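>
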Amino acid sequence: MASYADVLQYLSSLDYPAEKNDVVREAEREGAPPDVLKALRALPPVDYANGTEVARSAGIEAAPEVSPAQRAEQARDKKHNRVSQHLRGI
1 MASYADVLQY LSSLDYPAEK NDVVREAERE GAPPDVLKAL RALPPVDYAN GTEVARSAGI
61 EAAPEVSPAQ RAEQARDKKH NRVSQHLRGI
């Protein structure tokens with residue numbers, strides 16, 4: 001499976017905004033492996049503003065080493081300073 005870093009590596013010299021076909025052509029020109037090309041060929045045919053948009057659209061997470069359970073734990077540990085609308089009048 002293609003990683004976030006892999007995708008960005010093969011698109012480092014691409015000028016943005018870029019269409020899907022430009023993204024795929026650049027990755028092919030840079031010698032991207034089959035898993036990266038497969039992910040890029042599955043992209044929706046839209047204009048991409050940067051490599052991050054390309055990777056997200058391809059379904060590749062920026063930090064795959066963090067599991068969903070770890071993300072949930074991090075979210076629970078954050079202190080929320082905002083008060084819900086329905087509690088403001090209390």
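Quick note on numbering: the sequence shown equals residues 1 to 90 in full-length UniProt numbering.
For every residue, glycine included, the Cβ atom is placed at its ideal position computed from N, Cα and C.
If you're wondering where the values come from, they're calculated on a predicted model, not measured in any experiment.
State the CB to CB distance for the pair Gly-51 and Val-7, rounded to an integer number of angstroms; the pair is presumed to be in contact (CB under 8 Å).
Within the sequence shown, the letter at position 51 stands for residue 51. Within the sequence shown, the letter at position 7 stands for residue 7. With a Cβ gap of about 7 Å, Gly-51 and Val-7 count as contacting.
> Short of 8 Å in beta carbon distance, which residues of its chain neighbour Pro-17, apart from the five on each side in sequence? Order them along the chain.
Here residue 17 refers to the residue found at position 17 when the sequence shown is read from its first residue. Contacts found: Asp-47, Tyr-48 and Ala-49.
> Would Leu-43 and Ala-27 be called neighbours here (beta carbons separated by less than 8 Å)?
Locating residue 43 in the sequence shown gives position 43, where the first residue counts as 1. Locating residue 27 in the sequence shown gives position 27, where the first residue counts as 1. No. Outside cutoff.
> Count the other C-beta atoms from every protein chain shown that fall within 10 angstroms of the C-beta of Ala-32, then say buried if there are 16 or more, exposed otherwise.
To locate residue 32, count along the sequence shown from 1; it is residue 32. Ala-32 should be labelled buried.
> At which residues does the alpha helix (DSSP H) containing Val-46 begin and terminate?
Stepping through the sequence shown from its first residue, residue 46 is reached at position 46. Looking at the DSSP string, Val-46 is not in any alpha helix (DSSP H), and its letter there is neither H nor E.
> Use the C-beta contact count for Ala-58: other C-beta atoms within 10 angstroms, 16 or more gives buried, fewer gives exposed.
Translated into the one-based positions of the sequence shown, residue 58 becomes position 58. By the 10 Å Cβ count, Ala-58 comes out buried.
> Can you tell me which of Glu-73, Ala-69, Ala-39 and Ala-2 puts its alpha carbon nearest to the alpha carbon of Lys-20?
As a working mapping, residue 20 is identified with position 20 in the sequence shown. Checked all of Glu-73, Ala-69, Ala-39 and Ala-2; the closest Cα to Lys-20 is Ala-39.
> For Ala-5, does the count of other Cβ atoms within 10 angstroms reach 16, so buried, or fall short, so exposed?
As a working mapping, residue 5 is identified with position 5 in the sequence shown. It is exposed - the Cβ of Ala-5 has fewer than 16 other Cβ atoms within 10 Å.
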